[in-house]
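All letters in the sequence shown, in the order written, are residues 1 to 252 by the UniProt record's numbering. Just below is one structure, and these are the notes that go with it.
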Amino acid sequence: MGKSSFTPKKTWELAVRSYWEGLSFQQARQGRATGVKDTGYRAAVTGGQQMNAFQDVCASIWQSDSDIELEVRTKGHNHLPAYFRPAKNWDLIVLHRGALIAAMEFKSQRGPSFGNNFNNRTEEALGLAADCQMAVERGLFGHLKPWFGFVMFVERAPKSLEPVKIPTGMPFPADPVFEGASYIDRYTIFFDRMVKEGNYDVVALLTAEAGQGKFVEPSVTLSLANLEAAIRARIEYIKALPDDVFDQMANQ
């Protein structure tokens, strides 16, 4: 499959625009049934459906190769075994011949509370990585190591782009790489290190201004093109395994 068949940028831009539209819809709808509505922006981000368009694009990439039949599950109960808890419900999982091929998580952050939400998102990503990697090491998925991906979308706003102060009075100095870094810079450093340390196979980080479809990718190593190339490489690897070898790896 040639490079020209990669997902057009416009498709991703439509997913970004769908994100903002989904937030507005959820904020307007939330509370109609119960009479209880979150205040401020929280009503828009607690609905949990705003990243569906991103999941749909990734699902289409996983299903783009007609030479292999992959089962892709999204928007449902996609529970997988974990190590520190009984199970984790992933946003997207990919199965082949009953074996787990890949699992992906999709998260987002918009303003105005970038500080607290940055801490929450990074702690979630760290915890998920530790849980799934320990599950792999303990053989909960057989000998066929699953592929783990993460997609993070962050609003571009003055508070996410301006330098963030590092806490003072710490007994040891912070890593100098964080000096003068914005929250978007911190996300870039965080996810770049998560991939380099093997916590995730690939991460895509993209940012956009509120209501806009056009997006900015802070790092080429965390780009959507790199994500898609990694997905296609994973598909090619699974295709290359003889069926008997695949079955043995998946079932042991």
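Ideal Cβ placement from N, Cα and C applies to all residues, glycine included.
* Spatial neighbours of F114 in its chain, beta-carbon cut-off 6 Å, leaving aside the 5 residues before and after -> Translated into the one-based positions of the sequence shown, residue 114 becomes position 114. These residues qualify, in order along the chain: K159, S160, Y183.
* To do: Evaluate R42 with the Cβ neighbour count: other Cβ atoms within 10 Å of its Cβ, from every protein chain shown; 16 or more gives buried, anything less gives exposed.
  => Against the sequence shown, residue 42 aligns to sequence position 42. The predicted position of R42 is uncertain, since its pLDDT is 43 and thus under 50; no value can be drawn from it.
* **L23 versus L144, K9, Q50, residue with shortest Cα-Cα distance** => Within the sequence shown, the letter at position 23 stands for residue 23. Closest by alpha carbon: Q50.
* To do: Tell me, please, whether the segment 209-227 touches the segment 165-180 by the rule of three or more beta-carbon pairs shorter than 8 Å.
  => no
* Give a yes or no on whether the C-beta atoms belonging to E155 and R110 are separated by under 7 Å. => Here the question's residue 155 lines up with position 155 in the sequence shown. Here the question's residue 110 lines up with position 110 in the sequence shown. Result yes, Cβ atoms of E155 and R110 sit closer than 7 Å.
* Asked: Which whole-angstrom value describes the C-beta separation of A87 and L80, a residue pair presumed to lie in contact below a C-beta threshold of 8 Å?
  -> Residue 87 sits at position 87 when you count from the first residue of the sequence shown. Residue 80 sits at position 80 when you count from the first residue of the sequence shown. Indeed, because the Cβ distance is near 6 Å, the residues count as touching under 8 Å.
* Selected residue, minimal CA-CA separation from M249, among V136, K107, L126 -> Position 249 of the sequence shown, counted from the first residue, corresponds to residue 249. Answer by Cα proximity: V136.
* **T74 in three-state terms, based on DSSP** => Position 74 of the sequence shown holds residue 74. Here T74 sits in strand by DSSP.
* To do: Express the C-alpha separation of P112 and G98 in angstroms, rounding to a whole number.
  => For this step, residue 98 is matched to residue 98 along the sequence shown. For this step, residue 112 is matched to residue 112 along the sequence shown. Between G98 and P112, the C-alpha separation is close to 43 Å.
* Within 7 Å, strictly: CB atoms of A210 and W147 -> Position 210 of the sequence shown, counted from the start, is the residue given in the question as residue 210. Position 147 of the sequence shown, counted from the start, is the residue given in the question as residue 147. No; because the gap between Cβ atoms is not below 7 Å, this pair is not in contact.
* Under the three-state reduction of DSSP, which class applies to S64: helix, strand or coil? -> As a position in the sequence shown, residue 64 is number 64, starting the count at 1. Coil.
* Asked: Which of helix, strand or coil does DSSP assign to N89?
  -> The sequence position of residue 89 within the sequence shown is 89, counting from 1. Strand at N89.
* In the DSSP assignment, find the unbroken beta strand (DSSP E) run with P81 in it and report its ends. => Indexing the sequence shown from 1 puts residue 81 at position 81. Element bounds for P81: 79-81.
* Asked: What is the residue span of the alpha helix (DSSP H) that G115 lies within?
  -> Against the sequence shown, residue 115 aligns to sequence position 115. Start and end: 114-137.
* Asked: Does DSSP put Q30 in a helix, in a strand, or in coil?
  -> For the purposes of this step, residue 30 is identified with residue 30 of the sequence shown, where counting begins at 1. Only weak support exists for where Q30 lies, its pLDDT of 47 falling under 50; the value from the coordinates is given anyway. In the structure shown, Q30 sits in coil (DSSP, three-state: anything other than H, G, I, E or B).
* Nearest-angstrom Cα distance between N78 and V220? -> Your numbering for residue 78 matches position 78 in the sequence shown. Your numbering for residue 220 matches position 220 in the sequence shown. The straight-line gap from Cα to Cα measures roughly 30 Å.
* Asked: Going straight from the alpha carbon of residue 253 to that of W62, what length do you get?
  -> This structure leaves residue 253 out entirely; the chain is present only between 1 and 252.
* Asked: Which residues in the same chain as F191 place their Cβ atom closer than 6 Å to its Cβ, once the five residues preceding and following it in sequence are excluded?
  -> As a working note, residue 191 is residue 191 in the sequence shown. Closer than 6 Å at Cβ, skipping near neighbours: V203, L205, L222.
* To do: Within its chain, find whatever has a CB closer than 8 Å to the CB of E124; leave out the 5 residues flanking it on each side and keep chain order.
  => Residue numbering aside, residue 124 sits at position 124 when the sequence shown is read from its first letter. Counting only Cβ-Cβ distances below 8 Å, and skipping sequence neighbours, we find K107.
* First and last residue of the beta strand (DSSP E) that includes V177? -> Stepping through the sequence shown from its first residue, residue 177 is reached at position 177. Run containing V177: none; DSSP gives neither H nor E here.
* Integer Cβ distance of A208 from V16, believed to fall under 8 Å -> As a position in the sequence shown, residue 208 is number 208, starting the count at 1. As a position in the sequence shown, residue 16 is number 16, starting the count at 1. That belief holds up - the Cβ atoms of A208 and V16 are roughly 5 Å apart, short of 8 Å.
* To do: Kindly list the residues whose CB is nearer than 6 Å to the CB of A53, restricted to its own chain and excluding five residues on each side of it in sequence; keep chain order.
  => For the purposes of this step, residue 53 is taken as the residue at position 53 of the sequence shown. A15, S18, listed in sequence order.
* Euclidean distance between Cα positions of residue 322 and L126 -> Examination of residue 322 is not possible in this model, given that the chain is present from 1 through 252 alone.
* **Segments of 3+ residues assigned as beta strand (DSSP E) that fall wholly inside the segment 155-235** => 202-208
* To do: Mind checking which residues open and close the alpha helix (DSSP H) that includes F249?
  => Counting from 1 along the sequence shown, the entry for residue 249 is found at position 249. In the sequence as displayed, the identity of residue 249 is Met instead of Phe. It spans 243-251 - the alpha helix (DSSP H) in which M249 sits, taken as one unbroken run.
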